[in-house]
Structures are given as structure tokens and as C-alpha cells.
Amino acid sequence: MFPILYLLFATVLCNGEFTRPPPGKMILTRHSKSSSYPQQVHISAVGTDHMRVSWITTDKRVPSIVEYGTYSGTYDLTATGEHTSYRYFSYVSGKIHHVNIGPLLPDTVYYYRCGRVGDEFNFKTPPAVVPIEFVVAGDLGQTEWTASTLYHVNQSDYDMLLLPGDLSYADTQQPLWDAFGRFVEPYARKRPWMVTQGNHEVEAFPVLHDLHPFAAYNSRWPMPYQESGSPSNLYNSFNVAAAIHVIMLGSYTDFDSNSAQYNWVVADLAKVDRSKTPWLIVLLHVPWYNTNLAHQGEGESMRKAMEDLLYKARVDVVFSGHVHAYERFMRIYNNKADPCGPMYITIGDGGNREGLALEFEKDHKSAHLSVFHEASFGHGRLKVINGSSAHWSWHRNDDSVSTMRDELWLESLSSSSACKVGSHFVASADHYEL
Ligand SMILES: *[C@@H]1O[C@H](CO)[C@@H](O)[C@H](O)[C@H]1NC(C)=O
Ligand SMILES: *[C@@H]1O[C@H](CO)[C@@H](O)[C@H](O)[C@H]1NC(C)=O
Ligand SMILES: [Fe+2]
């Protein structure tokens, strides 16, 4: 299918940029098994040694139980979790099960079964120590282009997927959340998918007070917020392979210096021991730096509120989505190149139905800070090799093949003596104790 589309639509420009066709067709993934058969199975990391297994059944009698073990067909362990459901106008969700399992061994394949029915699935836990490989993919949706992105993602192994917002593009059509759950299941039940929310997750109706914003998102994609001391599923954090602390922020909830989110980030940063966890990575939906014509200025108020904090805490990389293209900036602080600032990467090019954001502004005031950009669908990979070194690459979807178009080696800020990263960030003083 993809090679044919390639011939029909794709044109390769002289500068090597690959112009994409209009958005690919939606793929509506249906459920063809019984009402008790687990569907939309996905897993997410909880702490460093637990996994949350989430799935949905239309049959309300199915128990929220996961049987699991390290041998196929033999389940030594059983865990019971909780279930939820939600209403949205006339739509009533199925029974949404969430079961926290563990403690689990690192870097180990577990075999599991949901609700005592259905097939056996398996996943691999992340390693206890680096090296580790993340896939980063934003603004996914559920189109032919998304299928191409995920096909490429699956061409080589990875430990965890990070998604900086905009998942299903259901846009209030709740059955599309179910279709999305089925669409991503073959991947998301095998490796932890860690997500934060974008504008397409809000789904609020200001006049109808009983429709809470983020109802579908929070019910279906809970992240480890209680475990990270956060009051809200919209922002949370977790450690991976001891060396990496990932903070998921919410672009569509309060972020000013008096907000619950801001206060939580301050407290969370203070808990990270940078001598053991040298890497600090942040994901949020709306980019703070962006030279694409799309969504200009939308991230500015959040940048003004939080950039200082992230800079002083020496965040290594900020990933965002929203803009349907790829763009990598140099290390920046306050609109200037700064060797101790985060590197900013926009990776909103997963392949949703809205298509690509094709135009970058050549005379944008941040253009001199932008190192590489291209409007093509694709995904990124971050391989953290050790405490000081990581490799980033961006892989564009050239239909049946995935082509690496951008790459660089990154040094962690904690390994730079100039950036003065001590072991603990002192929030009140806004700097590290040295
Ligand atoms: C992903 O790749 C593995 C290994 O090549 C393969 O067995 C599996 O079927 C692929 N998954 C999907 C959903 O295509
Ligand atoms: C980290 O990995 C890089 C790349 O492989 C290597 O050059 C460097 O020596 C390693 N550093 C440490 C401290 O092991
Ligand atoms: Fe968005």
C-alpha cells in the first residue's frame, strides 16, 4: 500500500526535503472478538519496577485481574486492580481496567493474561541501568501515516515510548478513542507507552459542567501521578534505568508560578538526585520554541512562566508536539543560545488526520536557533548510553522505509563542569547545592 501511495503523491524536492501528501485516510480498528475479550490493552510504567496494565471490556462482569509470570503459559502471579468508566453525552465507555503489577525484574519478558480470558500477551520491562532506548512520537492519530510511523517504530527494538500529546484525535467522538486503543494495542501492550496530553485530549464543553475536561484521557491513559506526588494525572514524573528522570507537563492546565502544577514541578525537581540520575527530560505539548507558521506564539505564556525553573534545574531536553513537523533547536535559554539550557525538539509528526505543518518562517526571530527542521511524518529515538552521553536521531517515514534524517550526540548537562549541576536542586534558592 505504501509504495503505491508513494508513487502517486510523494515528490522529492531538490534540497532533499520530502513533501508529504495530504493526511492519510483514517483507519478504524474494530473489535471482532467477544464482549469479554480484552481490547485496547496497553501498559505504562509505575515506578521503576511496576507496570500498569490497562484494557477495556464491554462485558462488565470481567474481573480486573492480571495473571502474569516469566514463562509463557505459566502464571505464578496474579494481581487485582481497579476499574472505571465514564459517560460523554450518550456515549458510555466500556469497563476500563487498570491493574498495577509487580515488583518486576528489569529487562525481562513477562507473559500475561487479562481478566482471566483471552490470549496471552507479553511485554519487556526496561533495563535497571543504561543503556536504554526511547522512541519519541507525538500527535499520532490513527491514519495510514500513523500506521507507517508505528511500522517504522517497530522495525527496531526500544524500551519505552514517550508521547508529547495528541493521541487519538477523537475530538469528542468517543468511539474513536476505542478505535485508537485498538489501533495502538499491538505496540502498546508490548512496551510501556508514557504519554502527556495535548489540545485534542481536552474535549471540554464550557456550558456543560458535568462534562469534565480530559474525561476520556484520564480514564483511559492514567500515568503515575500519585506515585510522583502529583495532584493531577495531567502532570507527573518517573525514573527510567536509574539515570533518567522524565517529567510530563500539561500545556492545558494552570502553569503560572502560583499554580499547583508549578509547585509540584519545584518539589519534584528537588527530589531528583542528579549524582545518580544525571539526565533530566521534559515533555509537554505546545512548543516554547517554534519557527513553523503553525501555532506561533501559543507556547509563549508557559515558556515565560516555567523556562527559568527548567533552565536553573538544568533540564537536558524538552520534547514537544502540536506542530505537525520535526524541528530541532540548539540549547537555549530566554531566546538566546546557552550551553546550559535545554535542547528543544518538536516532534509532532506522528501522522494524524490533520496533515503536516509545511511552512517554516525563514525570518522568524528564533530561526538562528533552529538547527534542523523538516515537515515530514516520522519518529525520534533517544539512546541514553551512560550518564554523560546520549544519541538522538530523527527517522522520517519514506513510506516503506524509514530514513534517518537528523542525528546528534548529546552530552548531559550534569557532565559539564560549566553548568554547575550539583546533586540536589534547591528550589527556594533556584540553583544546585554544589
Ligand atoms: C513488530 O516486530 C516484531 C518483530 O519483528 C513482529 O514479530 C511483530 O509482529 C511486529 N508488530 C506489529 C504490530 O507489526
Ligand atoms: C559514555 O559513552 C560515550 C559514547 O559511547 C563514551 O565515549 C564515553 O567514554 C562514555 N563515558 C563514560 C563516563 O563511560
Ligand atoms: Fe496539538
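Here the sequence shown stands for residues -16 to -1, 1 to 418, where the numbers follow mature numbering (1 follows the signal peptide of the UniProt record, and there is no 0). C-beta: ideal position from N, C-alpha, C; glycine also.
G165: not part of any beta strand (DSSP E); member of the alpha helix (DSSP H) spanning P159 to A172, first to last residue. D143 places its beta carbon less than 9 Å from that of P176. Residue pairing by DSSP places I116 opposite V368 in a beta bridge. Counting only residues of its own chain and dropping the five nearest sequence neighbours on each side, F344 has a CB closer than 6 Å to the CB of T275, N276 and H357. Excluding the 5 residues flanking it on each side, V410 has same chain C-beta neighbours closer than 8 Å at A254, Y416 and E417, in chain order. Between ligand 2 and the CB of S373, the shortest heavy atom gap is smaller than 8 Å. Excluding the 5 residues flanking it on each side, S396 has same chain C-beta neighbours closer than 8 Å at P262, W263, D300, G371, S372, S373 and A374, in chain order. Nearest Cα to H34 within the set Y153, M388, Y328 and V83: V83. Residue pairing by DSSP puts F344 in a beta bridge opposite N276. A Cβ-Cβ distance of about 15 Å is found for the pair N220 and Y236, leaving them out of contact under the 8 Å criterion. Burial state of F189 is exposed, judged by a 10 Å Cβ sphere holding fewer than 16 other Cβ atoms.
With contacts defined by Cβ atoms closer than 9 Å, S350 and G122 do not form a contacting pair. Annotation for I228 indicates a beta carbon at 8 Å or more from all heavy atoms of ligand 2.
For D382, the pairing in a beta bridge is given by DSSP as V385. Distance from Y328 to Y273 at the Cβ level is roughly 5 Å; contact confirmed, criterion being Cβ atoms closer than 8 Å. Looking from the CA of W39, the closest CA among G406, R100, L88 and S214 belongs to R100. In this structure, M232 places its C-beta atom within 9 Å of the C-beta atom of V179.
Looking only at V270, D322, E311 and H269, the smallest Cα-Cα distance to D292 is reached by D322.
With respect to the 9 Å criterion, Q126 and I27 are not classified as neighbours on the basis of their beta carbons. L353 places its beta carbon less than 9 Å from that of K320.
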